[in-house]
Amino acid sequence: MDNHGNWWPSTVYDLLSNSRRRLVLYSLLDGDNATIDELTREIALTEGRATDEDVMEEIEISLVHNHVPRLVDHGIVEYDGRDDRVELTKRFDDIQAAVERSKEIEVDGVPATQSEVFSDG
């Protein structure tokens, strides 16, 4: 973000560059807040690995120590560690259209092929 409050495209693309971070944002689009446990389960289900406890733990760690703090640093979400709740902030409005567009071109957390995105039909 520049000093005038405008988002640089590279910042938005960086925030959307990781599939787990995108899934957090997609989930919050539907309900503007969620717990880390809820986000972990949703990501694990999307990745098709919800029955693997080691994977669930790895996802939770990546959310708490990487993805959520990055979103907090950019003012997109607030994180309350007391109840493990992640909540969108007003600043999310600035990138909401980009998140919605990204979600439109992804199918079940998997990027659509270029032919699916750019087809005439």
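According to full-length UniProt numbering, the sequence shown is numbered sequentially starting from 1. Idealized CB from N, CA, C, for every residue including glycine.
Taking the CA atoms as reference points, Asn66 sits about 22 Å from Glu106. In the structure shown, Glu47 falls within a coil segment according to DSSP collapsed to helix, strand and coil. DSSP, reduced to helix, strand and coil, places Asp32 outside both helices and strands of the structure shown, so it counts as coil. The alpha-carbon separation between Glu53 and Pro9 amounts to approximately 36 Å. Leaving aside the five residues that flank Leu45 on each side, none in its chain has a CB nearer than 6 Å to its CB.
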